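So the structure is just underneath, and the comments pick up after that.
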Amino acid sequence: MYFKCCIPNCASKREEAKLHKFPSAEDQRNKWLEFINCDNLKRMHSSNLVKMLVCHKHFEKKFHTAKSGIKMTAYPTLFSLEEIESGFSSRSNNEQENVLVDHTYTRKRHYDHTYYKIEQHSPLQKAQDPLIGNYSINFKTVFSL
1 MYFKCCIPNC ASKREEAKLH KFPSAEDQRN KWLEFINCDN LKRMHSSNLV
51 KMLVCHKHFE KKFHTAKSGI KMTAYPTLFS LEEIESGFSS RSNNEQENVL
101 VDHTYTRKRH YDHTYYKIEQ HSPLQKAQDP LIGNYSINFK TVFSL
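Under the working numbering, the first residue of the sequence shown carries the number 1, and numbering increases by one thereafter.
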């Protein structure tokens, strides 16, 4: 494994920048290859390709995470010096979205809990309605009088 960025004309090494492996999922790996557009990488076998690295500066800020990582759906879009310095790709949003859009991933929500709001009675209502509430009678005090 080489500890340097595989993007053509990028000389970043592990000591200089955070490096990210190619995704093992085929659809996401193909998306990376489409954006990088390097014939040498496209000809590589997938077992060798997943060992290749791309440095952090080739990913837009929207893909960065708090711990200097990248999101699972991230793909490299910054290749020229101007793009890297600005942090934004020169490709249009439509062009980026149309590269490989065959899945939409959403998190499934679970609605298996039911919540019931119990009505609360004020002390005034309890005093007016003797059937509401938990009343106990102390027979000792009643009959000892």
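Note that the Cβ used here is the ideal one computed from N, Cα and C, for glycine as well.
Remember, it's a predicted structure, so these values are computed and weren't measured experimentally.
- Rounded to whole angstroms, the separation of the alpha carbons of Ser90 and Leu53 is 22 Å.
- Here DSSP, grouped into helix, strand and coil, assigns Ile7 to coil.
- Around the Cβ of Leu81, a 10 Å sphere holds fewer than 16 other Cβ atoms; the residue is exposed.
- With contacts defined as CB atoms closer than 8 Å, Cys6 and Leu41 qualify as a contacting pair.
- For the set Phe59, Ala74, Ser68 and Thr65, the Cα lying nearest the Cα of Ile84 is the one of Phe59.
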